[in-house]
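Position one of the sequence shown corresponds to residue 1 (the working numbering), numbered consecutively onward.
Note that the Cβ used here is the ideal one computed from N, Cα and C, for glycine as well.
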Amino acid sequence: MNDNLRGAILMVSAMLGFAIEDAFIKTLAGAMPVGQILMIFGFGGAVLFGIMVQLQGQSLWSRAILHPGVILRNLGELIGTVGFVTAIILTPLSTASAILQATPLVVTLGAAVFLQEQVGWRRWAAILVGFFGVLLIIRPGAADFEPNSFFAVQGVVGLAIRDLATRRVPKDITSMQLSTFAFAMLVPAGGILMLFWGEAVMPTQSQWLTLGAALIVGVIAYYMIVAAMRVGEVAFVTPFRYSRLLFALIIGIAVFGERPDWLTLLGAAIIVGSGLFTLLREAALKRASHRAPPLV
Numbered sequence: 001m002n003d004n005l006r007g008a009i010l011m012v013s014a015m016l017g018f019a020i021e022d023a024f025i026k027t028l029a030g031a032m033p034v035g036q037i038l039m040i041f042g043f044g045g046a047v048l049f050g051i052m053v054q055l056q057g058q059s060l061w062s063r064a065i066l067h068p069g070v071i072l073r074n075l076g077e078l079i080g081t082v083g084f085v086t087a088i089i090l091t092p093l094s095t096a097s098a099i100l101q102a103t104p105l106v107v108t109l110g111a112a113v114f115l116q117e118q119v120g121w122r123r124w125a126a127i128l129v130g131f132f133g134v135l136l137i138i139r140p141g142a143a144d145f146e147p148n149s150f151f152a153v154q155g156v157v158g159l160a161i162r163d164l165a166t167r168r169v170p171k172d173i174t175s176m177q178l179s180t181f182a183f184a185m186l187v188p189a190g191g192i193l194m195l196f197w198g199e200a201v202m203p204t205q206s207q208w209l210t211l212g213a214a215l216i217v218g219v220i221a222y223y224m225i226v227a228a229m230r231v232g233e234v235a236f237v238t239p240f241r242y243s244r245l246l247f248a249l250i251i252g253i254a255v256f257g258e259r260p261d262w263l264t265l266l267g268a269a270i271i272v273g274s275g276l277f278t279l280l281r282e283a284a285l286k287r288a289s290h291r292a293p294p295l296v
């Protein structure tokens, strides 16, 4: 088995883990407020990643966490996580996951607008086509329009900000430290939501087990995605991220009885197709730049 195949298997396994984590969170819909779920999830994640940071001999505190890139990344993670978790709970899992697949397109858009990266007309066209796919899923103004779907759009915007800001994070901050900070920020964010939306409840034993399972699966999936990027070539491994949508569709139909209509499936296919084209185009441009002869 070569490195790219191992990387692909790890990436697909990670996406399956994230889809299962989403399903665990969705089972808590109606049982406790979103803010409380975020607080518990944030605290548990911060503790787990904090322990791993300590085991790796790293410091939990660094002045670098006050770097503007780190602050912006944590803010994007906060916005994205709050939006996506809310969307998972309030809308069909398949719908929220389909919209989430537009994140790479928004990252490409943001890189062109804010980081002055060169984006050709082909990728601009792919971005516009992908956004059309999002509109097919949300369908604003239609009779079956679901306003809560915009929470998934919030998730896309927030996670795109996170990914863009990560490029400006100091190199001496590890991914484990970043994850610890990001999870910790969910605690006050969840507390603020609790002030306006719902009252805290005492979780039952089964709910504690569900939250614990979601945390453990999420951490394992995170490890797998990091390993996938290290083992295989990024250009080969990254497209397998879209397998998360397939797993979400299967879980949504089999576990939650969801029945995505043809417009949702068409929109999802358009988003994935546009995203894959953008990734492959970026990979081709990088290969071409590496083969370019030196100027003399």
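Looking at Ala182, Pro147, Gly232 and Arg230, the one whose alpha-carbon comes closest to that of Ala46 is Ala182. Gly232 is positioned such that its CB atom lies no closer than 8 Å to that of Arg63. When DSSP states are grouped into helix, strand and coil, Lys286 belongs to the helix group.
Take the alpha-carbon of Pro239 and the one of Leu164: they are about 18 Å apart.
CA-CA distance, Arg244 to Ala235, rounds to 17 Å. Taking a C-beta distance under 8 Å as the contact criterion, Ala268 and Ala152 do not qualify as a contact pair. Pairing Arg162 with Gly76 gives a Cβ-Cβ distance under 8 Å. Counting of Cβ neighbours within 10 angstroms places Pro188 among the exposed residues, the total staying below 16.
Under the DSSP assignment, Ala126 falls in the alpha helix (DSSP H) whose first and last residues are Trp121 to Ile138. Residues of the same chain with a CB within less than 7 Å of the CB of Val85, apart from the 5 flanking positions on each side, are Ile25, Val34, Ile37 and Leu38 in chain order. Trp61 has its alpha-carbon roughly 33 Å from the corresponding atom of Glu117.
The shortest CA-to-CA distance from Leu90 to any of Gln205, Ala29, Pro170 and Leu16 is the one to Ala29. With a threshold of 16 other beta carbon atoms within 10 Å, Arg168 falls short and is exposed.
At least 8 Å separates the beta-carbon of Gly83 from that of Gly191. Rounded to whole angstroms, the gap between the alpha carbons of Ala254 and Leu266 is 20 Å. Here Leu55 is exposed: its Cβ has fewer than 16 other Cβ atoms, across all protein chains shown, within 10 Å.
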